[in-house]
Amino acid sequence: MTDKNNFSNDSQDILVFLYKKRKPIILITVLGAVASIIVSLLITPMYKSTVILYPASSVSVSKALLGNAKGNLMAFGEEEETEQLLQILQSNEIINHIVDKFNLTEHYDIDTTERYAKTKLYDTYDDNISFKKTKFQSVRIDVLDKDPEYAADIANEISLYADTVLNNLHKKRAWKALLIVEHEYKKLNRQIQEISDSLSVLNKMGVLDYTEQVTAYSSGLAEGIASGKISKSGIKYLENKLKSLEKYGHISLELSKFIEFEQERLSDLKGKWVEAGVEYGQNLSNIYIVEKAEPAEKKSKPVRWLIVVLTTLSSFVFAVLFVAFADFFKNFKEKVETD
646 MTDKNNFSND SQDILVFLYK KRKPIILITV LGAVASIIVS LLITPMYKST
696 VILYPASSVS VSKALLGNAK GNLMAFGEEE ETEQLLQILQ SNEIINHIVD
746 KFNLTEHYDI DTTERYAKTK LYDTYDDNIS FKKTKFQSVR IDVLDKDPEY
796 AADIANEISL YADTVLNNLH KKRAWKALLI VEHEYKKLNR QIQEISDSLS
846 VLNKMGVLDY TEQVTAYSSG LAEGIASGKI SKSGIKYLEN KLKSLEKYGH
896 ISLELSKFIE FEQERLSDLK GKWVEAGVEY GQNLSNIYIV EKAEPAEKKS
946 KPVRWLIVVL TTLSSFVFAV LFVAFADFFK NFKEKVETD
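Mapping to the numbering used here: the sequence shown position 290 is 935, numbers consecutive.
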């Protein structure tokens with residue numbers, strides 16, 4: 646019961662104190678409110694425009710269309726593609742493109758003669774333009790600007806140029822792959838042609854099919870000798886043929902097998918050459934824009950009522966603490982002087 650009475654007395658003392666000091670408290674609070682209203686009116690209103698986009702799947706176009714690769718070419722990308730897109734959006738190539746296209750140095754009132762003008766420009770860019778991955782694996786582009794048309798145009802241009810940058814990166818990679826495959830294809834084709842020329846020389850020497858020719862000449866020679874119906878010149882002819890086959894037949898056989906194997910490799914390389922050509926020539930979009938930026942009708946900030954309310958409350962708290970400290974200091978001073 647005593648604690649309750651003490652609390653009641655303390656509360657009454659506080660209320661009495663606040664009532665006695667109401668004039669300075671009200672004055673400071675009103676001054677804070679007026680100042681916050683003036684400041685909020687001086688702050689340049691900023692308008693926000695937003696683009697929502699998804700990265701495309703990284704499934705190879707050529708493999709999806711020409712090969713047996715699994716994966717939907719039209720599917721949205723997953724977390725890895727989203728992270729890659731965020732890196733592209735924050736790259737210097739896109740920043741410099743937007744700065745140049747929209748003349749942001751002048752638009753942001755950056756003094757180019759300042760020592761750290763470029764740093765100030767990039768800091769302002771980062772303050773006004775942000776990128777965020779959503780829980781749905783999409784990417785959100787938010788652009789703040791004093792001009793709502795500018796904000797929408799910048800947001801849309803960032804999304805479009807990001808697609809261009811991704812396409813250029815893919816084309817550079819595809820072009821290098823195309824050159825490598827083309828070089829290997831032509832090199833292997835030349836090797837096969839050289840081997841074919843060697844086989845043609847052996848064919849002119851009478852070495853056509855080693856296995857069949859050896860069988861035929863051996864059988865003919867054996868039957869001719871056994872029957873006695875073959876002349877010495879005939880025997881000599883067949884023996885020379887067998888010697889020629891013995892000398893060059895294995896070479897012809899190995900070259901034929903080698904050409905057969907290399908022809909399979911050549912066919913595979915040709916398929917890869919076609920795929921690389923498709924990759925280089927494709928111009929499919931790498932992003933899906935699900936929400937295009939539109940000029941905002943209402944400002945995004947400052948929220949003037951919130952500024953005024955928070956500043957007024959802060960001014961009131963400051964006023965109470967100030968008069969309490971002033972009263973405490975006054976009493977402390979009087980006590981010291983009395984002692």
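Backbone N, C-alpha and C define an ideal beta-carbon position, used for all residues, glycine too.
Leaving out five residues before and five after E939 in sequence, what residues of the same chain have Cβ atoms less than 7 Å from its Cβ? S694 and A797
Hey, N619 and N812 are a contact pair by Cβ (cut 8 Å); roughly how many whole angstroms apart? Nothing about residue 619 can be read from this structure; the chain reaches only from 646 to 984.
Under 8 Å, do E724 and Q782 count as touching if we go by C-beta distance? yes
Taking F776 as the reference, give the member of W820, E728, E738 and K817 with the closest Cα. The residue with the shortest Cα to Cα distance from F776 is E728.
Out of V826, W950 and L958, point me to the one whose CA is closest to G916's CA. V826
Which runs of the beta strand (DSSP E) spanning at least 3 residues fall entirely within the segment 746–834, listed in chain order? 774–778 and 784–790
Excluding the 5 residues preceding and the 5 following F967 in the sequence, name in chain order all residues of the same chain whose CB lies nearer than 6 Å to its CB. none
Contacts around V953, its chain only, beta-carbon distance under 7 Å, and the 5 residues preceding and following it disregarded: Excluding positions up to five away in sequence, the list reads A678, S681, I682 and S685.
What's the C-alpha gap between S804 and Y925? 22 Å
What number of angstroms, rounded off, separates the C-alpha of T674 from the C-alpha of I688? 21 Å
Straight-line Cα distance separating I799 from P700: 19 Å
Compute the Euclidean distance between the alpha carbons of D768 and F974, then round it to the nearest angstrom. 45 Å
Which listed residue (Y795, K780, E726 and E759) has its alpha carbon closest to that of V744: Considering only alpha carbons, the answer is Y795.
So for G716, helix, strand or coil by DSSP? Any reading at G716 needs caution, since the residue's pLDDT is 47, under 50, leaving its predicted position unreliable; the model's value is listed next. Looking at G716 - three-state DSSP - the assignment turns out to be coil, as it is neither helix nor strand.
Assuming the contact rule is C-beta atoms closer than 8 Å, N773 and D790 should be a hit. Round their C-beta distance to whole Å, please. 6 Å
Sequence-distant residues of the same chain with beta carbon closer than 6 Å to T956, five excluded per side: Closer than 6 Å at Cβ, skipping near neighbours: G677 and S681.
Can you tell which of D787, H815, Y933 and K817 has the C-alpha that lies nearest to the C-alpha of Q735? Looking at the Cα atoms, D787 is the closest of the given residues.
CA-to-CA distance, S930 to W918, given in whole angstroms: Roughly 23 Å separates the two Cα atoms.
Output the distance between the C-alpha atoms of V965 and K666, rounded to the nearest integer angstrom. Note on geometry: alpha-carbon atoms of V965 and K666 lie some 8 Å from one another.
By the 10 Å Cβ neighbour count, where 16 or more other Cβ atoms means buried, how is L824 classified, buried or exposed? When all chains shown are included, L824 counts as exposed.
Hey, could you find the ends of the alpha helix (DSSP H) I733 is sitting in? E724 to L734
By how many angstroms is the C-alpha of N741 removed from the C-alpha of T757? 15 Å
Below 8 Å CB to CB, which residues in the same chain sit around K816 once its five sequence neighbours on both sides are set aside? Y925
List the DSSP bridge partners of V968. Answer by DSSP bridge pairing: none, since V968 is not bridged.
What residues match up with V696 in a beta bridge as DSSP calls it? I786
Can you name the start and end residues of the beta strand (DSSP E) that I688 belongs to? Segment: none, I688 is in no beta strand (DSSP E) and carries neither H nor E.
Rounded C-beta distance between K944 and M691? I'm assuming under 8 Å. 6 Å
My assumption, with CB atoms under 8 Å, is that Q908 sits in contact with I837. Please give the rounded CB distance. 7 Å
Give the straight-line distance between the Cα atoms of K946 and K763, rounded to the nearest whole angstrom. 25 Å
Can you tell me which of the three DSSP states E920 falls into? helix
Reducing DSSP to helix, strand and coil, say where K978 ends up. helix
According to DSSP, I932 sits in a beta bridge with which residue or residues? P700
Could you tell me the alpha carbon to alpha carbon distance between L958 and K765, rounded to whole angstroms? Rounded to whole angstroms, L958 to K765 spans 34 Å at the Cα level.
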